[in-house]
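Worksheet for the structure shown next.
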Amino acid sequence: MQVRLDKKDATIKSCMDEIERQTDYLFVYGEKLDLSRKVTVKSGKRPLKEALDQIFKDSGITYRISSGNIVLEEKKPAAVAAAPSATRIKGHITDSAGNPVIGAFVVVKGTTVGTNTDADGAYSLNIPSSVSAPVVVVSCIGYDTVEVKVGDDENVDATLKDSAEFLNQAVVIGYGTLDRKEVTSSIASLSSEDMMKGVGGADITKALQGKIGGLVIGQTKGVNSSPSLQLRGMASIAAGHEPLIVIDGFPGGDIRSVNPEDIKSIDVLKDASAGAIYGTRAAAGVILITTKSGTDTEGKLNLTYSTELLHRQAYAKPNVMSAEEYVANGVGKDYGSRTDWWDEAINHRNFSQKHNVAINFGTQKASVYSSFFYEKQDGIASGEWRKDYGGRLNAKYTMFDGWLEIRTNVDYRQANRNAQGAYFGQTLLNNPTRSPYDPDSVTGYNIWTGEPNDYNVIADAALNDVNSVVKWFKPEAALKLNILPVEGLSYRQTIGYSNYQTESHQYKSMHHRENVINNISGSAYLGFAKTERINTEGYFSYDRMFDDAHKVNAVLGYSYNQYDGESFGMSNSNFTVDGVKYWDIGKGSYLNAGKATMNSSKEIREKLLSYFARVNYSYKNRYMLSATFRREGSSKFGPKNRWGNFWAVSGGWSIANEPFMHGVRWVDDLKLRVGYGVTGNNDFSAAYSGNFIAADENRWILPNGTWKYTYGRGESVNENLGWESKAELNLGLDFSFFDGRLYGKADVFRRKISSMLFYVQVPNPPFIRGYQWQNIGLLENKGWEFELGGDIIRSKDFKWSSSVNLSHSASKVLSIDGSSTRWDGGQLPGPNSTGKAIILEEGSTVGQFYLFEFAGFSKSGQFLIKDRNGKTIPASSKVANDKKLLGNFTPKMMYGWNHTFSYKDLDLGVSMHGWLGFDVYNTYAMCLGIARRNGECNVLRDAYSTFSHIKDEKLMSDYYLEE
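Numbering-wise, the sequence shown is residues -9 to 953 according to the numbering used here.
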């Protein structure tokens, strides 16, 4: 270890203070030492020992380094410590598990008299007779320092507690908590301090980017899009593949409904052994969010205010032709203007801000946490914006001498948003010699028709008012009865209600391009949708330590969840004026003419009833075992498969707590984990089983000549429709060294998802529809995760922490049974239709592209491809069956690299995340990279350089596949 000192005529004490600031060492010395002596230390960085030698040279003071302390003594015989009149004491120093602590430093407070414990944790020393009311101080790396008063007994023992606090941190595991050192499953935990501040506004997903290995967060459609989450790769194809969100114990929550400032911690249950307690909803993992609660402020009111300011910048503009290049190459007609359509679509003055106020108030028996926030976000796309505001009230009460605890949480959030931003993809197609504006037009915009691939995208956005109001309301209550006569036993009853509403409003001006084409004088739409969830749970918890060796943590309970939804919508057209918009929707002439539309629906009520149990056992913090069982019944499935059983077992071996490791004090934690579990997936529509009615596609004519709708089954009924099931094996290693300064974990996993849902073709008749949902697929997913972190610098005022996480996962379709042999995934996003580009079939790897295999160009510049048999043919002779599975858009590795710098009360966070080793299909090069003349759309500059040799139509081939 090295220190940097530059002292001239400074006291020894000031030099000691500087060393304590730069290192983890503390000085131990008696009051009689003269530390006011002036010394000069040459500037520069040098080893600690060299610096100490220079400081104490000719000072009459000697030093020795022991167990994280620098002990100072006078240069005298140590006779004082062994004086005949001294009192001799002895004892043993042990850890919380009763194991001896080797090398602990025991010193008489206020003196230089001290010693170290031996291999048995034993020590002995003499207390000088001059010391009254003696106290011994016991310290050791990896443990909290303790002080023990010396009485009449010559035996003075002490027990040290681990100072590696993170090992004792509570980890939320669903229906309870465990100390981190007792966890046997793959769980990632973040506290509010771990999450980046000021990067996501009121959306917590931005602050999670790159923080959790294996968690992919996608959001690419502006400020009004909802983030997508995926944990450890694909968990399903047709059913839901996003993790279950549990907020304060309430499952099925919306991660965007939570204000990041209200979050206390986030725990991610990655493997099946951790998530099995949530049964059918844990196939894709579980994210547990715990919000803040009030603390004991001794009746004082604590108020906190924070604000964030943000500006968004657009990068990576596609390299399309300028107006001058467009004209010079004769790509299309010259209308005389010079327009950068991409630049016109950007809101360069976008500005976002967030304000948050939090109040904390409490006593020993009651506490309240409340918060209020407001956020306004401007999107990068011109015309797109969003305004959010909301509040939370969390209250906690303790009554009857600790017998009863009551918690109530109420959360409300509302978002007003305008989602009609300019479409950037269209700006690449637009003729750059047209102007988006016309000062002589009543709207101020240049509106033209007749060219379907070239239209004024700026005017389209401005003349189409699309806004909505989204509301979340969620009250919850929990009652906990501590059954005090039975130590560690309690019963908790919870009930929660969630209401999610969306109000949609849209009005297209009578001057909008589409209405001009269709001769419609304005069109309006109003819509409303509501979903409601009721969740109630009751469970017993038992947490007890026996004989300081055996710890049992158990839970037994039930859960009931109910979901309902309904919606309504109406549209009308042909209004006399634009200004009223949708607020008088009945005045459009389409209503009287019978052309207006109106629809409403009631979703199938979904019910889920569960019974669950879990037991966690730990022996002396060395050997851990966990077993979980959950039985669930769901109304979504066919009558023959409504109930399913889900279970898990896991175990852990803490090598660091074995007796043979007691002398290795630099090892805080070294634990092996193994877990196996089976979870299900019912995250799909209840309509899949066909258990609902809908209006028939055909109308029937009655004898009186009128047409009537008929109602019947909406899908072909499948009474055998059952659960998707995931079986997962996970092996893991946790480690922590040097009092938590270096830590990490590694996991490898393999899981198989069976009975996967596919929408397959069936004969009609006897089935009433030509397709039916069936359980016919088998998918394998495997990968690994690695995390390493630590404190690079840890001094008194400054700290630099860094962590990196790496992950890999790959999914493969093992089988698809029945008549269906593959799943069609549709086309790729791009400025034009790309055709079918993604499929899954037996033996295929998830992420492969479905393309024609490029084989070169003919002399005339036409595409050549390899057909299904490997023969080179002209692309003009291709058939659909010649397509092959090529490339892969799934990354070989994902990474996150995070840094935190803190100096006193200031902190700075830096986060980087990314994907490595994946293929990208350049749809813009395919659609806009071929030179053309006298057309109506713009093209890339590469069309007349890099791709100038192509004299053919666009082709969906691996020629455009880029690494």
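Note that CB positions come from ideal geometry on N, CA and C, so glycine has one too.
- Residue pairing for Gln496: DSSP places it in a beta bridge opposite Val456 and Tyr515.
- For Ala262, the uninterrupted alpha helix (DSSP H) run begins and ends at Ala262 to Gly265, by DSSP.
- The C-beta distance from Asp533 to Asn543 rounds to 5 Å, short enough to meet the 8 Å contact threshold.
- Between Val668 and Ala717, the gap from beta carbon to beta carbon is short of 9 Å.
- Runs of the beta strand (DSSP E) spanning 3 or more residues and lying entirely within the stretch 879 to 941 occur at 883 to 893 and 896 to 906, in chain order.
- Here the alpha carbon of Ile783 sits roughly 45 Å from the alpha carbon of Asn406.
- Taking Asp554 as reference, the option from Glu593, Leu219 and Ser357 with the minimal CA-CA separation is Glu593.
- Rounded to whole angstroms, the gap between the alpha carbons of Val570 and Leu453 is 14 Å.
- The residues Gln367, Gly369 and Arg376, in chain order, have a CB closer than 6 Å to that of Val213 in the same chain once the five nearest residues on each side in sequence are set aside.
- About 4 Å separates the beta carbons of Ile235 and Gly243, which is inside the 8 Å limit, making them a contact pair.
- Nearest Cα to Met946 within the set Gly833, Leu875, Ile194 and Phe627: Leu875.
- As computed with DSSP, Glu596 is found in a beta bridge with Tyr553.
- At a Cβ-Cβ threshold of 9 Å, Lys(-3) and Cys5 count as neighbours.
- Listed as beta-bridge partners of Pro37 by DSSP are Gln(-8).
- Look at the beta carbons and you see the stretch 478 to 485 not touching the stretch 216 to 234: under three pairs across the two are nearer than 8 Å.
- If you draw a straight line from the Cα of Leu291 to the Cα of Arg382, it comes to about 17 Å.
- For Val276, the uninterrupted beta strand (DSSP E) run begins and ends at Val276 to Thr281, by DSSP.
- The bridge partners DSSP lists for Met746 are Gly767.
- Judged by DSSP secondary structure, Leu62 falls within the beta strand (DSSP E) whose first and last residues are Asn59 to Glu64.
- Counting only the Cα atoms, Met916 lies some 15 Å from Ile855.
- Apart from sequence neighbours up to five positions away, the residues of its chain that approach Thr135 with a beta-carbon distance below 8 Å are Val127, Val128 and Ser129, ordered along the chain.
- Around the C-beta of Ala123, fewer than 16 other C-beta atoms lie within 10 Å, and the residue is accordingly described as exposed.
- With a cutoff of 9 Å on beta-carbon distance, Val317 and Arg922 are scored as not near each other.
- Cβ neighbours of Trp887 within its own chain (closer than 6 Å, five residues either side excluded): Val794 and Met902.
- Sorting Glu953, Ser296, Gln410 and His652 by C-alpha distance to the C-alpha of Asn346 places Ser296 at the top.
- The beta carbons of Thr398 and Ala356 sit no closer together than 9 Å.
- The DSSP-derived three-state label of Met651 is helix.
- Residue state for Thr669 is assigned as strand, using DSSP reduced to three classes.
- In the DSSP annotation of this structure, the continuous segment of the beta strand (DSSP E) that includes Phe727 starts and ends at Glu714 to Phe727.
- In the same chain as Asp659, and ignoring 5 residues on each side of it, the C-beta atoms closer than 8 Å to its own belong to Ala154, Leu157, Lys171, Ser644, Ala646, Asp724, Phe725, Ser726 and Tyr733, in chain order.
- Between Ile256 and Leu278, the gap from beta carbon to beta carbon is short of 9 Å.
- Collapsing the DSSP output to three states places Gly269 in a helix.
- Assignment of Arg424 by DSSP, reduced to helix, strand and coil, places it in the coil class.
- Assigned with DSSP and collapsed to three states, Pro217 falls in coil, not helix or strand.
- Less than 9 Å divides the Cβ of Tyr379 from the Cβ of Tyr364.
- In the DSSP annotation of this structure, Ile245 is not part of any beta strand (DSSP E), being labelled neither H nor E.
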